Amino acid sequence: MTISNNPKLKAKLGKANDLEFLLSIKGTSSDPMAVQPQIRFHLKEESGPYGLLFPMERMDGEKVKVTIPGDLPFVQEGKVYTGIVEVNLGNRLFTPTTVNIVFEKEMEVIALPILEDEEQEEQIEEKKIELEEMFSQGQKATNLLDVAFSEKKQRQSLQKPIRHPTATTPNKQKPASAKHESQKQMLKAKFKAMLAD
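Sequential numbering from 4 applies to the sequence shown in the working numbering.
Structure, rendered in structure tokens:
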């Protein structure tokens, strides 16, 4: 394992990043608060006012770990940020190591099948078949209304009473024909009177 005083690390945007460090604390202090050191990670812009503090947790042996989220508000892709390990022992602050961190977007490859044209062709073919079936059922129809109400006409035809050939109905003379004949005779009489004058 190669340990550098100022290494350059790469982190991924959009996912949590775990950074591990080796930390060794040696020596004694008269400050009672130095018995439990506080370790944190300070992430800030290389030349800017923004910065964030993240707690670090101890692992096995002399290892410490910090988890940096991938959705930080001020982080930009390709920009260099400074990360500082800070150890607070009582009233004293130590910065044993500093690293440079560059955030990168994780590569993603997506392939989706294009089915839109095929689905449209299938829908058009289904509509065509439905129209052909509709017109085949009503071949005697002369307009769209006959097509729409073909079933209704068939039902009405089935409900009509069947007349037997033996049954005959007497032909009744319409009174309107006699009235028409009398009007015709009156017109002839008027015409003859006009000729006589």
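Idealized CB from N, CA, C, for every residue including glycine. Treat the numbers as computed from the prediction; the structure is a model and nothing was measured.
Checking 7 Å against the spacing of the C-beta atoms, do Val-88 and Thr-70 come in under that value? no
Is the beta carbon of Leu-12 sitting closer than 7 Å to the one on Ile-104? yes
Could you tell me the alpha carbon to alpha carbon distance between Tyr-84 and Pro-40, rounded to whole angstroms? 25 Å
State whether the region 70-82 contacts the region 43-62, with contact taken as three or more CB pairs (one from each stretch) at a distance under 8 Å. yes
Can you grab the Cα-Cα spacing for the pair Glu-136 / Lys-18, in whole Å? 57 Å
Coarse secondary structure for Lys-195, derived from DSSP in three states: helix
My understanding is that Phe-106 touches Glu-80, with C-beta atoms under 8 Å, so please give their C-beta distance in whole angstroms. 6 Å
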